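Down below is the structure, laid out as structure tokens.
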Amino acid sequence: AQSVTQLGSHVSVSEGALVLLRCNYSSSVPPYLFWYVQYPNQGLQLLLKYTTGATLVKGINGFEAEFKKSETSFHLTKPSAHMSDAAEYFCAVSAGGATNKLIFGTGTLLAVQP
Amino acid sequence: DGGITQSPKYLFRKEGQNVTLSCEQNLNHDAMYWYRQDPGQGLRLIYYSQIVNDFQKGDIAEGYSVSREKKESFPLTVTSAQKNPTAFYLCASQFAGVGEQFFGPGTRLTVL
């Protein structure tokens, strides 16, 4: 069965520092992978997705992620954190099979210190 | 504007009452989903529907019910059988086939 593990429920960085949020997945089929961002009391917004093709995926707000099959990872990075990046981030993998379901990780809360 | 709407934004319920959360989409998506979100637990799937007049239980369906009479609408009823209904509820929709889900703004339900 497909699953997602997000290492670190809380991550804190200084403004201008590198952001690295970790996501590892387990999938019995070629995975489709997603990163979402959630601001307080709001819905989830898609940051980026990997389906097929180029393994380095660029998303909105300067974020990118690299699909590494050998490491079963899909870590999210941003070179320079901004105060507005403070939010919760969710990694998700497609469930495969006959459904369109996504399996979500438990989330990583990113704090950005001035 | 295309999108997903959820209403109300905030909902208060007395114990023993059923309440219905609304979810409407005008994206012409086939599939719709309901999730429950609690602090530190991520998103847990309650029910999903891939086609009109058909729906399936997710991981935590007990105490909830849904209907899918129209493609655009997927209301969720939280029944009195749900023992701990206070949570943030998110609705999402998706085109047929594997792809991203689009989320509504959420409804925060509080049981008084």
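Quick note, the sequences are listed as chains U and E, same order. Taking my numbering, the leading residue of the first sequence gets 111, the next gets one more, and so forth. Taking my numbering, the leading residue of the second sequence gets 111, the next gets one more, and so forth. Glycine included, each C-beta is placed from N, C-alpha and C at the ideal position. Because the structure is a prediction, the values reported are computed rather than measured.
Problem set entry | C-beta contact flag for asparagine 128 of chain E and serine 183 of chain E at 8 Å | no
Problem set entry | Contacts that serine 292 of chain U makes with chain E (C-beta to C-beta distance below 8 Å) | Since the first and last residues shown for chain U are 111 and 224, residue 292 of chain U lies out of range.
Exercise. What are the boundary residues of the beta strand (DSSP E) that includes threonine 130 of chain E?
Worked result: From DSSP, the beta strand (DSSP E) with threonine 130 of chain E extends over 129-135.
Exercise. According to DSSP, what are the bridge partners of phenylalanine 213 of chain E?
Worked result: E/Ala202
For this session: Go through its chain and collect everything with a Cβ distance to leucine 219 of chain U's Cβ below 6 Å, but skip five positions before and after it.
Result: Residues His120, Glu198 of the same chain have their beta carbon placed closer than 6 Å to that of leucine 219 of chain U, with the five preceding and five following residues left out of the count.
Exercise. Along chain E, which residues have their Cβ under 7 Å away from the Cβ of glycine 217 of chain U?
Worked result: Ordered by position in chain E, the residues that pass the 7 Å Cβ test against glycine 217 of chain U are Gly152.
Exercise. Glycine 126 of chain E touches chain U at which residues, Cβ-Cβ below 9 Å?
Worked result: Those do not exist, as glycine 126 of chain E stays about 27 Å from chain U at its closest Cβ, beyond 9 Å.
Exercise. Alpha carbon to alpha carbon, what distance is there between alanine 202 of chain U and asparagine 210 of chain U?
Worked result: Annotation: asparagine 210 of chain U to alanine 202 of chain U spans about 12 Å, alpha carbon to alpha carbon.
Exercise. Thinking just about the alpha-carbon of each residue, which of U/Ala127, U/Gly215, U/Ser204 is nearest to the one in leucine 143 of chain U?
Worked result: The option with the nearest alpha carbon to leucine 143 of chain U is U/Ser204.
Exercise. Considering only residues of the same chain and omitting the five flanking positions on each side of phenylalanine 214 of chain U, which have a CB-CB separation below 7 Å?
Worked result: Same-chain partners within the cutoff: Val114, Phe200, Ala202.
Exercise. Can you tell me where the beta strand (DSSP E) with serine 113 of chain U in it begins and where it stops?
Worked result: 113-117
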